[in-house]
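Note that my numbering gives residue 28 to position 45 of the sequence shown, counting from 1, and the numbers run on in steps of one.
Glycine included, every Cβ here is placed at the ideal spot set by N, Cα and C.
Quick caveat, the model's predicted, so the values are computed rather than measured.
What follows is one structure encoded as structure tokens, with my remarks underneath.
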Amino acid sequence: MDPNVPNHCPGTNSSSAGQVSACQGCPNQKICASGLTQAPDPALEVLKHRLSSVKHKILILSGKGGVGKSTFTSLLARVLACENEQQNVGVLDVDICGPSLPIVFGVQDEKVHQSGSGWSPVFVEENLSVMSVGFLLDDRDDAVIWRGPKKNAMIKQFLTEVDWGETLDYLIVDTPPGTSDEHLSLAQFLKSTENFSAIVVTTPQEVALLDVRKELDFAKKVGLPILGVVENMSVFVCPKCKVTSEIFPKNTGGAAQMSLEMNVPFLGSVPLDPSLGKCCDEGINFLQRYSKSPTIMAIKHIVENVKRSLKQVEPMVF
Ligand code: ADP
-16 MDPNVPNHCP
-6 GTNSSSAGQV
4 SACQGCPNQK
14 ICASGLTQAP
24 DPALEVLKHR
34 LSSVKHKILI
44 LSGKGGVGKS
54 TFTSLLARVL
64 ACENEQQNVG
74 VLDVDICGPS
84 LPIVFGVQDE
94 KVHQSGSGWS
104 PVFVEENLSV
114 MSVGFLLDDR
124 DDAVIWRGPK
134 KNAMIKQFLT
144 EVDWGETLDY
154 LIVDTPPGTS
164 DEHLSLAQFL
174 KSTENFSAIV
184 VTTPQEVALL
194 DVRKELDFAK
204 KVGLPILGVV
214 ENMSVFVCPK
224 CKVTSEIFPK
234 NTGGAAQMSL
244 EMNVPFLGSV
254 PLDPSLGKCC
264 DEGINFLQRY
274 SKSPTIMAIK
284 HIVENVKRSL
294 KQVEPMVF
């Protein structure tokens, strides 16, 4: 299927009589009539081959922006890379309009290089590499104003042309918030491979959880297995007096209650920790700088739950 032609096209989903009217005036009419869109996309074979050495592909999703999706992506990658030097971790930032991972990993001045085997990602550690549209921009303040097909083409290029090395134990994909073209493309492309799943990050407020329910429904519709839900900025523990406060009240029971209702695993909570926010802004490795902090303990606990969930969800072939 050509990802440039939306698969939610009303024409392809209607009866022949309905299809005639639905297709009238559509600029893709000629392509559809030629049967080209029904043929398998040749890029899928390339993608399958390219990602065949990746053991686990994990998409990080969120209903809303600003809930800590990129922060959690970086923490998960850092913990997995740090706990075992033999383990290779790759991070793909497909938050095309707001790529923040180069800054969070402190590699914003790096550029990706093209070689005979594809694009080489930027290495943060020997076993941790990152690829982001942020590396391709001339100026980090440049806005990326692309329509869906161009974004899809970029995602396809990322999935087919990045050379992650001989083996990658984890490929963690930071996605834009919500359920947009990029998510559909990712789901369509990754469906041709094995072992892919997703984690949803949220904050505890009901308005955020409302969007998570939509995200979970989207995952169900596109056949994307959910490893679980992470609640970020759950509580604030004052570094001076150690009193715990709920900055964002869990009026409806927070992410734990919602996970129970939606029948998905709850992976754990990350506290609101100003030193974590500061480290992300400055590209400092939080794990190393605050190795004994309760926030690190909470994150490590979540990573253990992620690994447990992975064993239950995979191997899965669609
Ligand atoms: P998203 O990717 O969902 O848009 P980010 O990960 O970019 O969100 O986080 C938004 C802001 O909140 C960033 O400045 C980040 O450093 C900060 N932040 C995220 N999680 C925490 C946390 N647990 N404690 C403190 N600051 C956080």
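Check: residue 74 C-beta below 7 angstroms from any heavy atom of ligand 1: no
Buried versus exposed, by CB contacts within 10 Å (16 or more), residue 114: buried
DSSP three-state assignment for residue 40, whether helix, strand or coil: strand
Residue 230 classed as buried or exposed, judged by whether at least 16 other C-beta atoms fall within 10 angstroms: exposed
Beta strand (DSSP E) runs wholly inside the segment 35 to 112, at least 3 long, in chain order: 37 to 45, 72 to 76, 96 to 98, 101 to 103, 105 to 108
Unbroken beta strand (DSSP E) run spanning residue 366, endpoints: One cannot answer for residue 366 here, as it falls past the ends of the chain, which runs -16 to 301.
Own chain, CB closer than 6 angstroms to residue 33, minus 5 neighbours either side, in chain order: 143
Any non-hydrogen atom of ligand 1 within 7 angstroms of residue 259 CB: yes
Spatially closest choice to residue 247 from 168, 182, 225, by CA coordinates: 182
Per DSSP, the bridge partner or partners of residue 255: 219
Residue 138 - DSSP class collapsed to helix/strand/coil: helix
Near ligand 1: residue 223 beta-carbon under 7 angstroms from a heavy atom: no
The segment 76 to 90 in contact with the segment 104 to 113 per 3-pair CB rule at 8 angstroms: yes
Assumed close pair residue 249, residue 259 - CB separation to whole angstroms, cut-off 8 angstroms: With 8 angstroms as the limit, residue 249 and residue 259 do not qualify as a contact, their Cβ atoms being about 20 angstroms apart.
Beta-carbon proximity check, residue 158 vs residue 71, cutoff 8 angstroms: no
Closer than 7 angstroms: residue 194 CB and nearest ligand 1 heavy atom: no
Residue interval of the beta strand (DSSP E) (run including residue 182): 179 to 185
Residues of its chain near residue 139, where Cβ-Cβ distance is below 6 angstroms and the 5 sequence neighbours each way are ignored: 26
beta-carbon residue 156 near ligand 1 non-hydrogen atom, thresh 7 angstroms: no
beta-carbon residue 233 near ligand 1 non-hydrogen atom, thresh 7 angstroms: no
Same chain only: Cβ atoms within 6 angstroms of residue 176, ignoring 5 sequence neighbours per side: 31, 34
Run of the alpha helix (DSSP H) containing residue 278, from where it starts to where it stops: 277 to 296
First and last residue of the uninterrupted alpha helix (DSSP H) at residue 25: 25 to 33
Terminal residues of the alpha helix (DSSP H) in which residue 8 lies: No alpha helix (DSSP H) holds residue 8; DSSP gives it neither H nor E.
Among 12, 100, 203, 251, nearest to residue 167 - alpha-carbon criterion: 203
DSSP state of residue -11 mapped onto helix, strand, coil: Caution applies to residue -11, whose pLDDT of 47 falls short of 50 and renders its modelled position unreliable; the model cannot decide the point.
Residue 190 vs residue 253 beta-carbon contact at 8 angstroms: no
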